[in-house]
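Visitor: Same order as they appear, the protein sequences are chains A and B.
121 is the number of the first residue of the first sequence in my numbering; add one for each residue after it.
82 is the number of the first residue of the second sequence in my numbering; add one for each residue after it.
Every residue gets a Cβ at the ideal spot worked out from N, C-alpha and C, and that includes glycine.
Just so we're clear, the structure is a prediction, and the values are computed from it rather than from any experiment.
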Amino acid sequence: VRSSNGHKISKGVEWLTRYGYLPQPDPMAARLQTQEELADAVRTMQRFAGLPMTGKLDSKTLEMMNQPRCSLPDIIGTSELMRRRRRRRR
Amino acid sequence: YALSDTVWKKKDLTWHIRSFPLSSTLPHDHIRNLLFYAFRAWSNTSALTFREVHSEDADILVDFSRSYHDDAYPFDGPGGTLAHAFFPGEHPISGDTHFDDEETWIYDPENMAPGRGTDLFAVAVHEFGHALGLAHSSAQESIMIPYYQGPVGLPHQYRLPLDDAMGVEQIYGKRHPGFHPDDDRPALPDPTAPPIPDFPPYQPTQHTHPPSPDRCKAHFDAIANIRGEMFFFKQKHFWRMQPSRNLVSLEPAQTLRFWNGLPHDFKAIDAVYERINDSQIVFFIGSYYWVFYETQVNPGYPRPVSDLGLPANTVVGAAFVWPHNGKTYLLEKNQYWRYDDQLGHVEPGYPKSVNLWEGVPTDLDDVTRWNDGNTYFFKGTQYWGFSAGNVQSDAGYPRSASQDWMYCQGAPTSSPPAPRHGVGGDKGMCICQG
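1. In chain A, which residues lie less than 9 Å from B:Y154 when you measure between Cβ atoms?
2. Residues of chain B with a CB under 9 Å from the CB of A:M184: which are they?
3. May I have the straight-line CA-CA distance separating B:W186 from B:P292, to the nearest angstrom?
4. Below 7 Å CB to CB, which residues in the same chain sit around B:Y374 once its five sequence neighbours on both sides are set aside?
5. Applying the 10 Å Cβ sphere with the 16-neighbour rule, what's the burial state of B:A299?
6. Between the Cα of B:G430 and those of B:G440, B:W438, B:R419, B:R338, spot the shortest distance and give me the residue it belongs to.
7. Helix, strand or coil for B:C297? Go by DSSP, reduced to three states.
8. Strictly under 8 Å for the Cβ-Cβ distance: is B:P285 near chain A by that measure?
9. Distance check for B:V88 and B:M247, CA to CA, integer angstroms please.
10. Would you verify that the beta carbon of B:T185 is, or is not, closer than 8 Å to some beta carbon of chain D?
11. Could you tell me whether the Cβ atoms of B:A305 and B:V353 are closer together than 8 Å?
12. Evaluate B:K255 with the Cβ neighbour count: other Cβ atoms within 10 Å of its Cβ, from every protein chain shown; 16 or more gives buried, anything less gives exposed.
13. What is the residue span of the alpha helix (DSSP H) that B:S105 lies within?
14. Measuring straight from C-alpha to C-alpha, what distance separates B:H426 and B:P190?
15. Please state whether DSSP places B:Q287 in a helix, a strand or coil.
16. Pull up the DSSP beta-bridge partners for B:H405, would you.
17. Express the C-alpha separation of B:S368 and B:D388 in angstroms, rounding to a whole number.
18. Buried or exposed for B:R240, please, with buried defined as at least 16 other CB atoms from any protein chain shown within 10 angstroms of its CB.
19. Does any CB atom of chain B fall closer than 8 Å to the CB of A:Q187?
20. Mind reading off the beta-carbon distance from B:L391 to B:V448? Whole number of angstroms is fine, and I expect it under 8 Å.
21. Hey, does B:E208 have any beta-carbon neighbour from chain A nearer than 8 Å?
22. Output the distance between the C-alpha atoms of B:A166 and B:H179, rounded to the nearest integer angstrom.
23. In or out: B:H318 buried (at least 16 other Cβ within 10 Å) or exposed?
24. CB-CB under 6 Å to B:K91, same chain, minus the five flanking residues each way: which ones, in chain order?
25. Beta strand (DSSP E) containing B:M322: first to last residue?
26. Less than 8 Å separating the beta-carbons of B:T462 and B:F401?
27. Compute the Euclidean distance between the alpha carbons of B:F347 and A:L136, then round it to the nearest angstrom.
28. Kindly indicate which three-state DSSP category A:W135 falls into: helix, strand or coil?
29. Against chain A, with Cβ distances strictly below 8 Å, would B:L424 count as a contact?
30. Would you give the residue range spanned by the alpha helix (DSSP H) that B:T162 belongs to?
31. Flag B:G176 as yes if its beta-carbon sits less than 8 Å from any beta-carbon of chain A, otherwise no.
32. What are the start and end residues of the beta strand (DSSP E) that includes B:I174?
33. Between B:V472 and B:W438, which are expected to be in contact by the criterion C-beta below 8 Å, what is the C-beta distance as a whole number of angstroms?
34. For a contact defined as C-beta to C-beta under 7 Å, what are the partners of A:I196 on chain B?
35. In chain order, what residues of the stretch 115-135 of chain B put their CB closer than 7 Å to some CB of chain A?
36. Nearest by alpha-carbon distance to B:A349: which of B:D359, B:T336, B:I357, B:N341 is it?
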């Protein structure tokens, strides 16, 4: 069960990153994704897709992530903005 | 709606298809036509104009690509990501639009084939929105929602949802009231290619009714068995006979209100038949033909009959499928060609003389098969029956077309009265529905 859940989260994070809901990994900084950041990203994705905002990678959310779609990110510039914010903080 | 950071600094944009799908069943002209209408969706509501050019210097270059294709968005095979486009700007790739060549691109405006492919027009409208500076929208009715939602209807009737119309108007302004939609028709990429035909303007209501022809005078322009029903075309009207041999109405219907996509100024239809391989319906007028899916013309028509392998100025006066061999025959005056619907070309060794079918005159109005398995040849007020695959007219013909098919009493006939066949009402009166 844990393995399946890990796979689901890993795929979800990859999808959320690809479409701009999570920042691209910063090669200059070792950083873990917090549970809260992930839940926020899922909630944003759910709101964008018109799904109930559970903040969890539930079946409806995963189904939506498997839908054919446009390659462009939904949240443009998020990763760039976050990188800038992180740089400012440092 | 959501806007990107960049916009085009001009309002007259050019586009060019640099590569076509490798394996799509959509002909190149259909693809051009669909993309033309996808651009038109955006120019209909904004001050933008679009012009197809035969040059890679175009503002918006369209490609069908696979896998990694020299940008940051590699494709992933069937499903998953379908397409993407780059926002406006000064970079050479700005505005360029890429479709995943491993998708099955189809034209399916009425969603008749769900799951069998991806509707190119719907995706193109979305991607061109990006190429103009719109980002993804979270409004569920928007065309800019990132997920593929299926077909969006007929390209020439498509109108942008309000959310998207407001977005593009905010960037480029509203369309000038004096601007005519045809101003941005695509230029031909190849001077030797036939022009891209346009869909007729959509007219939900017609205020003038052309005078109705008299069904009892026969002299039909074209007759066809379509989905088991017989259609008798005359001038700009038709009568429709159900498989039970009842006329749907004694009054003819207007052809243009039923068959959507024929030219509005046509005088008469020369021939019609239902294709045996895909059940699409082919109309011939003059030296052009139109192919209909149900009652809607396919994009890319009309096409010249020379595409079928006929001499350029041939006017097909009759077209039918001979049940004996399942082949299609195209007749012009006293000659005919045998046509292979699978190959899309007439067979070698033609034309030949129509005297193959004995007992009928030349220059027929049309020929068609009825549900009894027999084939009927029509000319003027008369018709001739051929049983099964016989090439000799059955005994008792010619008979009166208006009496036997239009249920007209006392209509002239050149043969002695014969018992009527088929199912009519008492004393030969028809039973009408509606």
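Guide: Working from what's here:
1. As a position in the second sequence, residue 154 of chain B is number 73, starting the count at 1. The answer, in chain order, is S191, L192.
2. Counting from 1 along the first sequence, the entry for residue 184 of chain A is found at position 64. Going along chain B in sequence order, the residues near A:M184 (Cβ under 9 Å) are Y228.
3. Counting from one through the second sequence, the residue named residue 186 of chain B turns up at place 105. Counting from one through the second sequence, the residue named residue 292 of chain B turns up at place 211. Each residue's CA atom was taken as its position, placing B:W186 and B:P292 some 43 Å apart.
4. Your numbering for residue 374 of chain B matches position 293 in the second sequence. Contacts found: Q361.
5. As a position in the second sequence, residue 299 of chain B is number 218, starting the count at 1. Label assigned to B:A299: buried.
6. Here residue 430 of chain B refers to the residue found at position 349 of the second sequence. The option with the nearest alpha carbon to B:G430 is B:R419.
7. Numbered from 1 along the second sequence, position 216 holds the residue referred to as residue 297 of chain B. DSSP places B:C297 in helix when its eight states are reduced to three.
8. Start at 1 with the first residue of the second sequence, and residue 285 of chain B comes out as number 204. For B:P285, the predicted structure reports a pLDDT of 37, less than 50, and the residue's modelled location is therefore unreliable. The matter cannot be settled from this model.
9. Working through the second sequence from its first residue, we reach residue 247 of chain B at position 166. Working through the second sequence from its first residue, we reach residue 88 of chain B at position 7. C-alpha separation (whole angstroms): 15 Å.
10. Absent from the structure: chain D. Protein chains present are A and B.
11. Position 224 of the second sequence holds residue 305 of chain B. Position 272 of the second sequence holds residue 353 of chain B. Cβ distance < 8 Å, so B:A305 and B:V353 count as in contact.
12. Within the second sequence, the letter at position 174 stands for residue 255 of chain B. Flag for B:K255 reads exposed.
13. As a working note, residue 105 of chain B is residue 24 in the second sequence. Per DSSP, B:S105 belongs to no alpha helix (DSSP H) and is neither H nor E.
14. Within the second sequence, numbered from 1, the residue matching residue 426 of chain B stands at position 345. Within the second sequence, numbered from 1, the residue matching residue 190 of chain B stands at position 109. Spanning the two alpha carbons is a distance of roughly 27 Å.
15. As a position in the second sequence, residue 287 of chain B is number 206, starting the count at 1. The predicted position of B:Q287 is uncertain, since its pLDDT is 40 and thus under 50; a value taken from the coordinates is nonetheless stated next. Coil at B:Q287, not helix or strand.
16. As a working note, residue 405 of chain B is residue 324 in the second sequence. Partner(s): none; B:H405 has no beta bridge.
17. The residue labelled residue 388 of chain B in the question sits at position 307 within the second sequence. The residue labelled residue 368 of chain B in the question sits at position 287 within the second sequence. When rounded, the distance between both Cα atoms is 10 Å.
18. Locating residue 240 of chain B in the second sequence gives position 159, where the first residue counts as 1. Exposed is the call here.
19. Counting from 1 along the first sequence, the entry for residue 187 of chain A is found at position 67. Cβ-Cβ to chain B under 8 Å: yes for A:Q187.
20. On the second sequence, position 310 is the one that residue 391 of chain B refers to. On the second sequence, position 367 is the one that residue 448 of chain B refers to. With a Cβ gap of about 17 Å, B:L391 and B:V448 do not count as contacting.
21. Counting from 1 along the second sequence, the entry for residue 208 of chain B is found at position 127. Answer yes: the Cβ-Cβ gap between B:E208 and chain A drops below 8 Å somewhere.
22. As a position in the second sequence, residue 166 of chain B is number 85, starting the count at 1. As a position in the second sequence, residue 179 of chain B is number 98, starting the count at 1. Straight-line Cα distance between these residues: approximately 6 Å.
23. As a first step, residue 318 of chain B is located in the second sequence; it is residue number 237 there, counting from the start. That one is buried.
24. One-based indexing of the second sequence puts residue 91 of chain B at position 10. So no residue of the chain qualifies.
25. Start at 1 with the first residue of the second sequence, and residue 322 of chain B comes out as number 241. It spans 318-322 - the beta strand (DSSP E) in which B:M322 sits, taken as one unbroken run.
26. Indexing the second sequence from 1 puts residue 462 of chain B at position 381. Indexing the second sequence from 1 puts residue 401 of chain B at position 320. Contact flag unset, no.
27. Residue numbering aside, residue 347 of chain B sits at position 266 when the second sequence is read from its first letter. Residue numbering aside, residue 136 of chain A sits at position 16 when the first sequence is read from its first letter. Rounded to the nearest angstrom, the two C-alpha atoms are 55 Å apart.
28. Counting from 1 along the first sequence, the entry for residue 135 of chain A is found at position 15. Three-state DSSP puts A:W135 in a helix.
29. For the purposes of this step, residue 424 of chain B is taken as the residue at position 343 of the second sequence. With 8 Å as the cut-off, B:L424 does not count as an interface residue toward chain A.
30. Taking the first residue of the second sequence as 1, we reach residue 162 of chain B at position 81. It is not in any alpha helix (DSSP H) - B:T162 instead sits in the beta strand (DSSP E) that spans 162-166.
31. Residue numbering aside, residue 176 of chain B sits at position 95 when the second sequence is read from its first letter. So, not an interface residue.
32. Residue mapping note: residue 174 of chain B aligns to position 93 of the second sequence, counting from 1. Following the DSSP letters along the chain, one finds B:I174 in no beta strand (DSSP E), marked with neither H nor E.
33. For the purposes of this step, residue 472 of chain B is identified with residue 391 of the second sequence, where counting begins at 1. For the purposes of this step, residue 438 of chain B is identified with residue 357 of the second sequence, where counting begins at 1. Indeed they touch by this definition, with Cβ atoms about 5 Å apart.
34. Sequence index remark: in the first sequence, residue 196 of chain A carries index 76 (1-based). Residues of chain B passing the Cβ test: S85, A216.
35. none
36. Numbered from 1 along the second sequence, position 268 holds the residue referred to as residue 349 of chain B. Comparing Cα-Cα distances from B:A349 to each of B:D359, B:T336, B:I357, B:N341, the minimum goes to B:T336.
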